[in-house]
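Engineer: Got a structure for you, written out below as structure tokens; questions coming shortly.
Numbering (mature numbering (1 follows the signal peptide of the UniProt record, and there is no 0)), first residue to last: -19 to -1, 1 to 127.
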């Protein structure tokens, strides 16, 4: 008896499933929402993209889309060259929720040619989280509406 390849076995199933497509807008919304969870990356695609867009002005030290970790390198704003920041974002879930996002920041100031750790205002971290979440919601809204 001839042995069939896995591709030969899957082709009829794929053809049958392809013929079963729904045309309703509800199906499209479900598909868009499912796409935000089922991605080739390990975390919510909207949160990941929003993080990349929000922090695009900073140099990237690490970007792991499977683990959901984004770390910037030190960034000094040209307006305040004696101060620099470093940001770490962790996306903890595949759902678009506020508790799926953790932002941490480190700040240093230059004192006598040496970089010294300085406190980061809690409002700075909170504002970054809010910006990323708002951008992620906008991206999702655009995907569902488009």
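Beta carbons: idealized from backbone N, C-alpha and C, even for Gly. Predicted, not measured: the structure shown is a model, and the values here were computed from it.
1) Do residue 33 and residue 77 come within 9 Å of each other at the CB atom, strictly closer than that value?
2) Using a threshold of 9 Å, state whether the C-beta atoms of residue 82 and residue 113 are closer than that.
3) Looking at the unbroken beta strand (DSSP E) that takes in residue 69, where does it start and where does it end?
4) Quick check: the Cα distance between residue 63 and residue 38, rounded to an integer number of angstroms?
5) For residue 101 and residue 88, which I take to be in contact (beta-carbon distance under 8 Å), what is that distance rounded to the nearest angstrom?
6) Name the residue from 47, 24, 22 and 68 whose alpha carbon lies nearest to the alpha carbon of residue 53.
7) Could you check if residue 97 is buried or exposed, using at least 16 other CB atoms within 10 Å of its CB as the buried criterion?
8) In three-state DSSP terms, what is residue 96?
9) For residue 91, which beta-bridge partners are listed by DSSP?
10) Using CA coordinates, which residue listed in 90, 44 and 70 is at the minimum distance from residue 61?
11) Under 9 Å between the Cβ atoms of residue 26 and residue 116?
12) Given a threshold of 16 other Cβ atoms within 10 Å of its Cβ, counted over all protein chains shown, does residue 41 qualify as buried or as exposed?
Structural biologist: To lay it out plainly:
1) Counting from one through the chain shown, the residue named residue 77 turns up at place 96. Counting from one through the chain shown, the residue named residue 33 turns up at place 52. No, these two residues do not count as a Cβ contact at 9 Å.
2) Start at 1 with the first residue of the chain shown, and residue 82 comes out as number 101. Start at 1 with the first residue of the chain shown, and residue 113 comes out as number 132. Yes, the Cβ-Cβ distance between residue 82 and residue 113 is below 9 Å.
3) Residue numbering aside, residue 69 sits at position 88 when the chain shown is read from its first letter. Residue 69 -> beta strand (DSSP E) spans 64 to 72.
4) As a working mapping, residue 63 is identified with position 82 in the chain shown. As a working mapping, residue 38 is identified with position 57 in the chain shown. Computed Cα separation, rounded: 18 Å.
5) Taking the first residue of the chain shown as 1, we reach residue 101 at position 120. Taking the first residue of the chain shown as 1, we reach residue 88 at position 107. Right, their Cβ atoms sit about 5 Å apart.
6) On the chain shown, position 72 is the one that residue 53 refers to. Selected option, being the one with the closest Cα: 68.
7) As a working mapping, residue 97 is identified with position 116 in the chain shown. That one is exposed.
8) If you number the chain shown from 1, residue 96 lands on position 115. Of the three classes helix, strand and coil, the one that applies to residue 96 here is strand, per DSSP.
9) Residue 91 sits at position 110 when you count from the first residue of the chain shown. Its beta-bridge partners are 96.
10) Working through the chain shown from its first residue, we reach residue 61 at position 80. Here the closest residue by C-alpha is 90.
11) Within the chain shown, the letter at position 45 stands for residue 26. Within the chain shown, the letter at position 135 stands for residue 116. Contact flag unset, no.
12) In the chain shown, counting from the first residue as 1, residue 41 sits at position 60. It is exposed - the Cβ of residue 41 has fewer than 16 other Cβ atoms within 10 Å.
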